[in-house]
Amino acid sequence: MQNSLKSSATFTGRGLHSGAPVRMVVRPAPVDHGIWFRRTDVTNADQMVPARWDAVSPSRLCTVVENAAGVSVSTIEHIMAALSGSAVHNALIEIDGPEVPILDGSAVPFVQGFLAAGLDDLDAPVRAVRVLKSVEVRDGDAVARLDPADMLEIDFRISFEDAAIGTQTRRLNMANGAFVRELCDSRTFCRQVDVDAMRQAGLALGGTMENAVVFRGDKVLSPGGLRHADEPVRHKMLDALGDLALAGGPILGRYTGDRAGHALTNRLLRALFADPEAWRMVDCGPQTLGKLPGVGVHVGDLPLVRA
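FYI, the numbering for the sequence shown is 151 to 457, going by my numbering.
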């Protein structure tokens, strides 16, 4: 069945790129509401912004959604991953600024907040997007692909010159709380050279060594090191789940990403929905429900997070 929260969950922090303070409240919502943002600081235009693939606007470093009035919310990928990975299908996210707080750079604070608020079973079936045939998009060496599968699987590969990252691959079946156990605590990462370039461009103003893993050559500069030996590829999988969560329902299919990023995953969704023979909306019965991300998650699934 569809889920929402039993009570609201509140998060405060700073935007990763803007550095601006922000308060965000994730509120319960009714059946078939989906995920919407409401910009409470906007008074002269439409406050409501849909968390949907066709509302994504171009951005190189994060995922941004925007409504017809030009009101936007940026860096939504981590909270979208947390909602999907916790099986929260309906929510109203009230936010008093243009960027979601980065918190610790992962999705685990969001998941903790949702599980503390509790999940409310709603009397309606989950509607999922079943992939019927393969769809692929490319950008140079980067590839994103969806293939038919009985449940959501994510297969990801990254490759960086920095020896501390190198080439990493991981494949994960996302059913039965795998996101919460395996991925949600993996933090955003970058190279020191990229940090310097972003700062010069007026970006990453809220980034710190506490909310991102910073690499330089063969060194991990962030205090405490890595939470997982392959934390970078796990975080890319987290990002992919968040971007796929904009499909309008859980995806039943295999996602393969090779050096893929936010923009390419959105292009993949646009290619999927442009072909009516490539997908179908399905009601999830008891057997299919157990194959969706987040179903059956409980507090004991949360990893023991260290700074």
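Idealized CB from N, CA, C, for every residue including glycine.
Other residues of its chain near residue i: CB distance less than 6 Å, five sequence neighbours each side excluded
i    : result
L333 : R384, M387, L388
T190 : E244, D246
L265 : V449
P453 : D335
N361 : I252, D254, G255
V250 : T225, I226, I229
D289 : L414
A294 : V287, G407, A410, L414, T415, L418
A292 : R409, A410, L414
L166 : T225, I252, G356, G357
S309 : T317
Three-state secondary structure assigned by DSSP to residue i
i    : result
T517 : Examination of residue 517 is not possible in this model, given that the chain is present from 151 through 457 alone.
S309 : strand
G352 : coil
T317 : strand
P436 : helix
G450 : helix
R202 : coil
A325 : strand
L296 : strand
R337 : coil
E427 : coil
Contact test: residue i Cβ vs the ligand ATP heavy atom, cutoff 7 Å
i    : result
D368 : The ligand ATP is not part of the structure shown, which contains no ligands of any sort.
Assigned exposure category for residue i - 16 Cβ within 10 Å defines buried
i    : result
Q262 : buried
P248 : buried
S372 : buried
M198 : exposed
N217 : buried
P171 : exposed
T193 : exposed
M301 : buried
V279 : buried
T162 : exposed
V343 : exposed
E467 : This structure cannot settle anything about residue 467, because the visible part of the chain is limited to 151 through 457.
Proximal residues to residue i (C-beta, below 8 Å), its chain only, five neighbours per side dropped
i    : result
M151 : D271, L272, D273, A274, P275, V276, L439
For this session: Would you check if there are 3 or more beta carbon pairs closer than 8 Å linking the stretch 416-435 to the stretch 313-323?
Result: no
Exercise. So, do the stretch 403-422 and the stretch 270-278 have three or more beta carbon pairs nearer to each other than 8 Å?
Worked result: no
Exercise. Using 8 Å as the threshold, is the stretch 189-207 in touch with the stretch 389-398, meaning 3 or more CB pairs across them?
Worked result: yes
Exercise. With a cut-off of 8 Å, do at least 3 Cβ pairs link the stretch 366-382 to the stretch 335-354?
Worked result: yes
For this session: Return the chain-ordered ranges of every beta strand (DSSP E) run that is complete within the stretch 219-289 and spans a minimum of 3 residues.
Result: 222-224, 241-245, 269-271, 277-281, 285-289
For this session: Enumerate, from N- to C-terminal direction, the unbroken alpha helix (DSSP H) stretches of 4 or more residues contained entirely within the stretch 348-423.
Result: 381-394
For this session: Within the stretch 166-218, note down every full beta strand (DSSP E) run reaching 3 residues or more, in order along the chain.
Result: 171-178, 185-189, 198-200, 214-216
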